[in-house]
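One structure is given below, encoded as structure tokens.
2 protein chains.
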Amino acid sequence: KKKKGSLIDTPFRLSERFTPLVALELVSDTKEEAITWLLQRIRDKQRNGGAELLVEQLRPGLGVQEKQNPNLFLIGASLQRLLSGAEDLGLFKEFNDGSMRGFTCTNKQNFKDFQGDGDGFLSVAECQYIIKHELDTLRAKDESHVPGHTQAKLYPGKSIIRRLLSKGIMVQMFPLHQKEELKRLTFSWYKKVKLSLQPLGKIQCNYEGQALYFGFLEYFTFALIPMALIGVPYYLFDWDDYDKYVIFAVFNLIWCTVILELWKRFSATLAYRWGTLSRKKAFEEPRPGFHGVLGFNPVTGREEPLYPNAKRQLRVYCVSLPFVLLCLYGSLYVMMIYFQMEGWALSLHDEDPTFWTGVLLFIPSIIYAVVIEVLNLIYRYAAEFLTEWENHRLESSYQNHLILKVLVFNFFNCFASLFYIAFVMQDMVLLRQSLATLLITSQILNQFMEAFLPYWLQRRRNKKMMRRVTKMRTQEDKELPIEEQVRLEADMSTYLGTFDDYLELFLLFGYVSLFSCVYPLAAVLVLLNNITEVYSDAFKMCRVFKRPFSDPASNIGVWQLAFEAMSVIAVVTNCALIGMSPQVKAYFPESDMQLILWTVAIEHGLLAVKFILTFLIPDVPKPIQIQLAKLEFESLEALKKKVNTWGMFSVI
Amino acid sequence: KKKKGSLIDTPFRLSERFTPLVALELVSDTKEEAITWLLQRIRDKQRNGGAELLVEQLRPGLGVQEKQNPNLFLIGASLQRLLSGAEDLGLFKEFNDGSMRGFTCTNKQNFKDFQGDGDGFLSVAECQYIIKHELDTLRAKDESHVPGHTQAKLYPGKSIIRRLLSKGIMVQMFPLHQKEELKRLTFSWYKKVKLSLQPLGKIQCNYEGQALYFGFLEYFTFALIPMALIGVPYYLFDWDDYDKYVIFAVFNLIWCTVILELWKRFSATLAYRWGTLSRKKAFEEPRPGFHGVLGFNPVTGREEPLYPNAKRQLRVYCVSLPFVLLCLYGSLYVMMIYFQMEGWALSLHDEDPTFWTGVLLFIPSIIYAVVIEVLNLIYRYAAEFLTEWENHRLESSYQNHLILKVLVFNFFNCFASLFYIAFVMQDMVLLRQSLATLLITSQILNQFMEAFLPYWLQRRRNKKMMRRVTKMRTQEDKELPIEEQVRLEADMSTYLGTFDDYLELFLLFGYVSLFSCVYPLAAVLVLLNNITEVYSDAFKMCRVFKRPFSDPASNIGVWQLAFEAMSVIAVVTNCALIGMSPQVKAYFPESDMQLILWTVAIEHGLLAVKFILTFLIPDVPKPIQIQLAKLEFESLEALKKKVNTWGMFSVI
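Going line by line, the protein sequences match chains L and U.
Read in order, the letters of the first sequence correspond to residues 1 to 652 in UniProt numbering.
Read in order, the letters of the second sequence correspond to residues 1 to 652 in UniProt numbering.
Structure, rendered in structure tokens:
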């Protein structure tokens, strides 16, 4: 009873001393000495090799009847520490003259939003990123192991947090949602009707790394509008003659080249505004799962595990590659079964056409779509296992290998049947029908798996917690106390990065760019899907998942490449579809050879034009190029001045 | 009589005070006050905005009866000045631990070849490059015009040398050949027989910027050996069946992809060893011919002429592009005339075949080859004029536009007829014959125009000078005194950069990669040409031309792109040639359509493999990647330390 009272009296007692930004959870059986040691290292001054952060144990919440993990810690930092951390990281902020510059403490008054002591200058996401960076680079000194845990070996220079994570002593480390900001964000994000889909600036403040994904989602959605506008009359007026489809295919070609080029420019603009375009990446630490023989890193000179590259290459090319190929073969096999089923349903319908056999016609496609989703899911786990086993040193290299594996399989799974129908069976009616079924089924499945299922699970947990809390205290205050809030967030699902979201957009882009000339409504469907995606993603980020750490990126990386590869394939596919259309065939009545040669020639020409366009259109808009050049020029001039000063010193 | 004596007594009087590195020639009617002013600015201390270099007027040479330009100046610098200039430029030199680092005066003792006061640490080419840089960045202060030349306007920050050049007050500025070094170089370059073709390290010391071209030439020559080895038996044993040509074409495909990828790695290794891989380019000044309305550069903030980009684009796309297309059309027209002549000669030979009509068969090809060379020459001048008129701000942009124009036309001119014969006429015998004629004629012409003609002209001048000198002095000393040597060099032709040399290699690469499967001897011919090219180029650089300023480059730039484009075209061409071969046609006896579809599919597959290979093979070899990463890591760590120190200062 007393406990409850004291909690209600000072619900934010902790936050009066410092704003908790990041939570850190250790397993409940962590030794007392390990905790003391860790907290001391976190609090220690930087000159002693500490992180110089503020840390406090979370008080036990309500419901002591349940088994609660007491080892939850809240981490914050003083304003001064955050600002020096920002300088350390080379954070780019807006300068007084509107350009973006690397933040420095000595120059802080000249930054645009810096007022007073600098409170509110850094966004919450930036503060959390700084704290994460400082914790990540907290290195062992002369400890040989974590105190009390002899199995968790340490050596000078080893990142402590990563060792705790890899040995399972640390359960997780996650940034906290900021209730007030979140409320404002959710309102402007998915509760307000507006012209632009998303408040990108505000999203960027909260989810720095994911903001570029949301930027891309919004861009892609708007880019689909012209395609959708052109597609609708085709559907409404039932323009089934291929004559008009040729026009549509040509438009399609131009569209997918142009939007990707413009996206690069738009992305550069966004990244510049957000200060991530020219931020230098710190040297990546080995990822937690990486293992090897202890040695010295040739670059940093630090002691760390080394794993021979040749051995990794061997695993990649001799195990992973054959496995992927085998999976592709398996997927091909499944596809063939689907076509047999399809044929069987068709023959049944032809024999004795009733309403039920008409429904039966759709069954194989639906089964196939579901099977594909299941296969994708299984394959995904296998790919993760294999990529883990390949033992990549860097998280980025792990991600790239994983993305490549999953991408190839998903692409094959989703499009192989369509290619087969289009180019082997040459059945445009079936193609249209398959495309529609695939598109709609996978959309519904995706939305369900992605947002509603996690939401429903989270809601159950949430309600349980609420019920427990309200049972124990008066109804007057609907807010959860911080103790409960943190514990609630600790139980939330972890947001696994933008991988699945990009993959979904990639496949949708494929449906539109490859085949929309036979099913013009595809663009409309994808457009609708994107709009709901904006809302479900927003919802997911704000309500369902733990807040993710921001991961500043200057571009969408390997995905840009994937989308461009898709647009090249689109040129080939569209040319082939045009070449196969009876309308075009009519121009070459006497010889198919002439037709094919012309198609191939035009396709090569289009590809050449595409590459030349890519080369001619600068990836970074002129004004930003000038800003970047200006910054570089100034730093060169500063260097020169420094050299001259040094020269004078050496003369003296 | 007295004058002559004093000259002989102290033939290197100047060089006792300083080693002359660069010569500078003003027009003979330059006003005295302009000369005084210029020399004073060159000699002035850096803190007063001078260049702090040593400069001396060249004494009049022998032969006062002739009109000599008295305004020739020799420029040198103190060792200290050169070293600080090297630091200023960010020159990369080999460090004690074998890595390449930016040179700094404070750290000079830790560089590998730094001994004593540092004499001989910088190569002559580097010293000359430093002096050129210092002269180029000698800027006007508050002068409104060059004293005595009111038409040569100046404004604060304007490069003085560039204004003098653009107003024709300065005739030229060129680095001097160093007799002793040159002798050693010429010996090891083209007088000694050796395994590697060229002493690349020594060439690099002397011709820094051109060294990468010589590196490429050597690499390309060695890369041709496997092609040549495979080509010889084809020629010797008269393997005329297309069966074997298919194998050759496949080999060709692999070869041209692999050598370009490996070259990138080799080039990175060379550039790293020479310290140009990661050297930062200084901000480019506007080129001397650039004109516009005076304004402020948005990047540097300096006053300089501005020219609207839109206007330039208009000139490029509305004048230059149509002009190039028109020229291509004209070239096509000439080609058609050639085919008519060819047909006429053939019919004459068929009617009444004699020895002379047999010779006549070769005449059209030879005429065509000569006409092509002439057309190329005329077009070249037009392209230079047009590119000049487009008014590019930067030399690099001017060069790229010029290269593109010349490249397209040359490519078209050289290969259009071959494509026509191969794919429209489908006459492999004629193709082989044309290829041989084109290859041999253009080689002979090139070698003549490039080396022998200039050499002959230079020899005449040289002899005249020698005769004059020997007439006036005793025979004992065969060396020219420095006064005469400098004047002789001032009269030498100017080396116009590696443009023509690269272009030649590009076209030769085209002959080999596109069509060598129908004329396997092409590789052998090109190999022979390359070997003579090494010698004639070496000879040209050492004996015929003024020494060029070095122009450090980290790669071969736009040429890499051009070669890669060529290798893509080679894939297409070779696939088509294979598809057209009767041997392959025999596999698809019933339908041409099947054959074409397969050919196209395989071609697409090969292109995809090519792009994936390009993507997979890292452009920079692993050891160099590690070195670069190490350097970057160290600079990041240093920055961090500095920030921390600053933080401490600000705390104090």
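Glycine included, each C-beta is placed from N, C-alpha and C at the ideal position.
- With the rule of 3 Cβ pairs closer than 8 Å, the region 527 to 547 of chain L does not count as touching the region 104 to 122 of chain L.
- By the Cβ neighbour-count rule, K405/L is buried, with 16 or more other Cβ atoms within 10 Å of its own.
- Contact residues of the region 318 to 348 of chain U toward chain L are absent (C-beta to C-beta distance below 8 Å).
- Secondary structure note for K31/U: it is in no beta strand (DSSP E), with a DSSP letter that is neither H nor E.
- Contact of M593/U with chain L is assigned, a C-beta pair being separated by under 7 Å.
- Here A369/U has T437, L438, T441, S442 and L445 as same chain residues with Cβ atoms under 8 Å from its own Cβ, once five neighbours each way along the sequence are excluded.
- Contact note: L597/U reaches chain L through I596, using a C-beta cutoff of 9 Å and chain order.
- Contact note: T300/U reaches chain L through F633, using a C-beta cutoff of 7 Å and chain order.
- Around the beta carbon of Q128/U, 16 or more other beta carbons lie within 10 angstroms, which makes this residue buried.
- Annotation for H401/L: the continuous alpha helix (DSSP H) segment containing it runs E395 to F419.
- Rounded to whole angstroms, A382/U and C318/U show a C-alpha spacing of 16 Å.
- Beyond the five residues adjoining it in sequence on each side, H145/U comes within less than 8 Å, by CB distance, of Q151, A152, K153 and L154 in the same chain, given in chain order.
- Within the same chain, A86, E87, L91 and K93 come within 6 Å of F103/L by CB-CB distance, once the 5 residues on both sides are set aside.
- Scanning chain L for C-beta atoms nearer than 9 Å to the C-beta of K630/U yields P298, V299, T300 and G301, reported in chain order.
- About 19 Å separates the beta carbons of C414/U and L527/U, which is beyond the 8 Å limit, so they are not a contact pair.
- Its Cα nearest to that of Q40/L, the residue E52/L stands out among R47/L, T30/L and E52/L.
- The criterion of a C-beta distance shorter than 7 Å is satisfied by I169/L and T30/L.
- By the rule that beta-carbons nearer than 7 Å mark a contact, I421/L does not touch chain U.
- It is roughly 32 Å from the alpha-carbon of Q210/U to the alpha-carbon of C517/U.
- Here the region 596 to 609 of chain U lies against the region 569 to 585 of chain U, with 3 or more beta-carbon pairs under 8 Å apart.
- Close to chain U, meaning a Cβ-Cβ distance shorter than 8 Å, are the following residues of the region 597 to 616 of chain L: L597, V600 and H604.
- Per DSSP, the continuous beta strand (DSSP E) segment holding G76/L begins and ends at L72 to G76.
- Exposed is the label assigned to Q115/U, since fewer than 16 other Cβ atoms lie within 10 Å of its Cβ.
- Under the Cβ distance rule, I626/L counts among the residues neighbouring chain U, one pair being separated by less than 7 Å.
- Contact holds between the region 170 to 181 of chain U and the region 17 to 24 of chain U, because three or more Cβ pairs, one in each stretch, are under 8 Å apart.
- Between L182/L and V534/L, the beta carbon gap of about 17 Å keeps them out of contact (Cβ cut-off 8 Å).
- The region 256 to 319 of chain L contains, as complete beta strand (DSSP E) runs of 3+ residues, the segments 293 to 296 and 303 to 306 (chain order).
- Listed along the chain, the chain L residues whose CB falls inside 9 Å of the CB of V572/U are H604.
- DSSP, reduced to helix, strand and coil, places A152/U within a strand of the structure shown.
- Distance from L375/U to V334/U at the Cβ level is roughly 7 Å; contact confirmed, criterion being Cβ atoms closer than 8 Å.
- Assigned with DSSP and collapsed to three states, E590/L falls in coil, not helix or strand.
- Between T269/L and P621/L the beta-carbon gap is near 6 Å, inside 8 Å, which marks them as a contact.
- Within the model, the alpha-carbon separation for E395/U versus A223/U is close to 32 Å.
- For A23/L, DSSP records a beta bridge to L74/L and F174/L.
- Boundaries of the alpha helix (DSSP H) harbouring M580/L: V558 to M580, taken from the DSSP string.
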